[in-house]
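Peer 1: Under the numbering used here, the residue at position 15 of the sequence shown is numbered 26, and the numbers go up by one with no gaps. The beta-carbon is built from N, C-alpha and C at its ideal position, and this holds for glycine as well. Note that the coordinates shown come from a computational prediction; the quantities given were computed from them, not determined experimentally. Mind having a look at this structure? Questions to follow.
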Amino acid sequence: VVVTPALYPLYDQRGAPPEFRDPVLAAVAEGGGSLFVSGVDPGWGNDVLPLLISGLGTLVDVVRCQEIFDYSTYEQEGSVRHLIGMGHPMEYEPLMLAPSIPTMVWGGQIRLMARALGVELDEIRETVERRALDTTVTTRTMGVFEAGTQGAVRFEVQGIVGGEPRIVIEHVTRIHPSCAPDWPTPPDGAGAHRVVIEGRPRIEVTVEATDEGENRSAGGNATAVGRLVNAVDWLVDTKPGLYDALDVPLRPAVGRLGRKRP
12 VVVTPALYPL YDQRGAPPEF RDPVLAAVAE GGGSLFVSGV DPGWGNDVLP LLISGLGTLV
72 DVVRCQEIFD YSTYEQEGSV RHLIGMGHPM EYEPLMLAPS IPTMVWGGQI RLMARALGVE
132 LDEIRETVER RALDTTVTTR TMGVFEAGTQ GAVRFEVQGI VGGEPRIVIE HVTRIHPSCA
192 PDWPTPPDGA GAHRVVIEGR PRIEVTVEAT DEGENRSAGG NATAVGRLVN AVDWLVDTKP
252 GLYDALDVPL RPAVGRLGRK RP
């Protein structure tokens with residue numbers, strides 16, 4: 012059994028290109044075993060949670076999944092500065108924001124939700140906005156970020172249905188709370204994951220997870236890992252195959268309530 016967040020094309024394994032799906036299915040047919048891929052940002056926030064909440068209303072206009080975070084709490088300086096672009100001049104082009112890259116990473120989750128909701132996508136679009144820092148800021152874990160450099164980014168991966176963005180995965184990322192204060196912010200602290208169902212009724216659910224000394228980044232990562240690791244025994248007990256978030260149930264914490272921490 013293998014569980015991983017890394018194989019982006021297999022988030023929606025049924026709709027994955029044959030060059031990704033077929034070798035896995037061939038390996039399963041030959042040697043058995045199972046593979047489950049779920050996102051690290053976290054996966055449940057872009058699949059099972061929005062789909063569950065969407066079933067509580069009578070009319071759904073838009074399903075929106077948000078990650079809203081202060082990335083100064085991440086202890087991955089190389090990724091924050093170079094992959095996402097924080098602290099670089101505004102003319103710098105971060106790889107994460109390059110055209111087609113957001114769709115490569117999150118498009119599978121858009122397609123998965125569309126399949127679950129029974130709608131056909133016209134296409135997947137991307138939008139990107141970037142903001143510069145007004146003043147120089149100093150962070151606890153990554154040092155100085157100069158005024159005039161990138162201090163916040165907001166992007167959307169949009170599933171277009173009937174010409175309108177109907178299924179949206181949105182990231183709002185800052186290196187300091189003072190940058191882009193008009194963009195969505197977490198209720199408190201350094202970050203949160205939020206699902207908004209625009210419709211009747213309008214439903215909004217915000218999840219705040221903490222770990223490793225009240226660190227929100229560590230908490231979010233821990234829930235993503237928990238979704239994967241806690242699926243292992245289910246995968247062991249079911250038939251070999253390639254599975255996605257719609258296949259693998261999110262189950263109660265049987266046997267873990269009140270258990271002593273290691």
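1) Measure from the alpha carbon of Gln-120 to the alpha carbon of each residue in Val-236, Val-74, Leu-94 and Gly-98, then state which is nearest.
2) Evaluate Val-164 with the Cβ neighbour count: other Cβ atoms within 10 Å of its Cβ, from every protein chain shown; 16 or more gives buried, anything less gives exposed.
3) Quick check: the Cα distance between Pro-198 and Ala-37, rounded to an integer number of angstroms?
4) Could you give the distance in angstroms between the alpha-carbon of Val-39 and the alpha-carbon of Ala-27?
5) State buried or exposed for Asp-81, treating a residue as buried only when at least 16 other CB atoms are found within 10 Å of its CB.
6) From Thr-234 to Asn-226, what does the alpha carbon distance come to, in whole angstroms?
7) From the DSSP secondary-structure annotation, give me the bridge partner or partners of Cys-76.
8) Please report the straight-line C-alpha distance between Leu-63 and Ser-49, rounded to a whole angstrom.
9) Pull up the CB-CB distance for Gly-96 and Pro-105, whole angstroms please, since I reckon it's below 8 Å.
10) Using 8 Å as the threshold, is the segment 166-176 in touch with the segment 199-210, meaning 3 or more CB pairs across them?
11) Curious, which full-length alpha helix (DSSP H) runs of at least 4 residues does the segment 15-95 contain?
12) Under the assumption that Val-139 contacts Phe-156 (Cβ atoms under 8 Å), give the Cβ distance between them as a whole number of angstroms.
13) With Thr-114 as the anchor, note down where its alpha helix (DSSP H) starts and where it stops.
14) Is the beta carbon of Gly-210 sitting closer than 7 Å to the one on Leu-70?
15) For the beta strand (DSSP E) containing Ala-163, name the first residue and the last one.
16) Reducing DSSP to helix, strand and coil, say where Thr-234 ends up.
17) Round the Cβ separation of Val-259 and Trp-245 to the nearest angstrom and send it over; I've been treating them as touching at under 8 Å.
18) With a threshold of 8 Å on Cβ separation, who are the neighbours of Tyr-103 within its own chain once the five nearest residues in sequence on each side are excluded?
19) Residues in its own chain within less than 7 Å of Leu-18 by CB, not counting five upstream and five downstream?
20) Buried or exposed: where does Ser-45 fall if 16 or more other Cβ atoms within 10 Å of its Cβ makes it buried?
21) Thinking Asp-222 and Leu-123 are a contact (beta carbons under 8 Å), I'd like their distance in whole angstroms, please.
22) What does the alpha-carbon distance come out to for the pair Ser-255 and Pro-212?
23) Thinking C-alpha only, which one of Cys-76, Leu-67, Glu-41 and Arg-151 is nearest Val-218?
24) So what's Leu-253 in DSSP terms, helix, strand or just coil?
25) Residues in the same chain with beta-carbon distance under 6 Å from Trp-194, minus the five sequence neighbours each way, listed in chain order, please.
Peer 2: Looking at the coordinates:
1) Val-74
2) buried
3) 47 Å
4) 16 Å
5) buried
6) 13 Å
7) Ile-180 and Val-206
8) 16 Å
9) 3 Å
10) no
11) 29-42 and 59-65
12) About 19 Å; that fails the 8 Å criterion.
13) 112-128
14) yes
15) 161-172
16) helix
17) Separation of the CB atoms of Val-259 and Trp-245 is rounded to 6 Å, and the pair is thereby assigned contact status at 8 Å.
18) Gly-96 and Gln-161
19) Val-48
20) By the Cβ neighbour-count rule, Ser-45 is buried, with 16 or more other Cβ atoms within 10 Å of its own.
21) The Cβ separation is near 26 Å, so there is no contact.
22) The question names Ser, but residue 255 in the sequence shown is Asp. Cα-Cα distance, rounded: 29 Å.
23) Cys-76
24) Here Leu-253 sits in strand by DSSP.
25) Arg-165 and Val-183
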